[in-house]
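In our numbering, the protein residues as written are 1 to 255.
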């Protein structure tokens with residue numbers, strides 16, 4: 001198991017070996033990324049048709065493929081893959097007892113709650129309603145409110161991860177935790193950085209839609225990579241006890 005069998009192997013080598021020998025892990029990653037690519041492609045295709053003036057076609061104007069459409073296919077799928085990531089990390093924790101996986105399961109549960117319940121949008125609205133955030137230039141008070149809400153959530157995640165860093169654990173689990181940290185930073189970068197840039201550059205229609213695609217598409221791909229990573233680690237943890245048992249039997253036979 002990952003935490004009970006500390007290893008000098010790098011996280012990258014474990015992931016590569018698992019994907020090479022385990023067709024289930026490999027197919028899961030390929031299918032997951034393919035579905036994300038299809039959803040992104042459908043969004044681009046329908047948005048391009050709208051730009052070409054084909055709004056008279058009813059399904060083009062009301063298509064459910066837009067990445068930012070509430071209850072659209074992309075949003076629902078993104079919530080599902082984030083929830084799957086959280087669930088897989090919980091399973092990894094139950095097997096390995098490495099606290100870092102439990103904490104990342106909580107982080108992705110918060111991501112699910114934010115997507116499903118619009119937490120940062122609601123937090124921004126509360127701050128605006130109480131006149132706690134200003135408007136500045138092309139940025140609305142709502143934009144600053146959402147940024148502040150995301151900042152609070154990111155700070156809480158940072159505190160939790162610092163606490164986890166002080167907890168006992170093997171180097172391999174910590175290395176996997178760092179990979180999730182990189183993906184989470186990328187997720188926050190899309191959700192905050194690109195979102196702020198998108199909000200401040202509304203004068204160009206093409207630029208506005210391009211940044212919106214980068215924001216929502218970046219979030220989707222980042223969560224997809226986290227989900228594929230969690231599933232691969234889960235499969236690696238399932239394989240290790242089998243390998244250990246096989247080695248023990250081989251030793252008995254030789255004896």
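Using N, Cα and C, we set each Cβ at its ideal position, and we do this for glycine too.
Counting C-beta atoms within 10 angstroms of its own C-beta, residue 25 has 16 or more neighbours from the protein chains shown and is therefore classed as buried.
Of 163, 173, 227, the smallest CA-CA separation from residue 183 is found for 227. Only residues of its own chain outside the window of five on either side were considered, and among them 212, 216 have a CB closer than 7 Å to the CB of residue 68, listed in chain order. The three-state secondary structure of residue 12, taken from DSSP, is helix. The closest CA to that of residue 103, considering only 34, 163, 218, is found on 163. For residue 89, the CB contacts under 7 Å within the same chain, skipping 5 residues up- and downstream, are 101, 104, 105, 108, 230 in chain order.
If you draw a straight line from the Cα of residue 209 to the Cα of residue 83, it is about 27 Å long. Scanning 14, 78, 52 for the CA closest to the CA of residue 223 turns up 78.
Between residue 99 and the set 234, 160, 36, 30, the nearest pair of CA atoms involves 160. For residue 233, the closest C-alpha among the options 117, 173, 40 is that of 173.
Rounded to the nearest whole angstrom, the CA to CA distance from residue 81 to residue 51 is 30 Å. By the C-beta density criterion, residue 155 is exposed, having fewer than 16 other C-beta atoms within 10 angstroms. Counting only residues of its own chain and dropping the five nearest sequence neighbours on each side, residue 218 has a CB closer than 6 Å to the CB of 190. It is roughly 31 Å from the alpha-carbon of residue 37 to the alpha-carbon of residue 148.
Residue state for residue 118 is assigned as coil, using DSSP reduced to three classes.
By the CB criterion at 8 Å, residue 39 and residue 73 fall inside the cutoff. Under a 10 Å Cβ-count criterion, residue 237 is classified as buried, with 16 or more other Cβ atoms of the shown protein chains found around its own Cβ. In summary, residue 117 is exposed, with fewer than 16 beta-carbon neighbours lying within 10 Å of its beta-carbon over all protein chains present.
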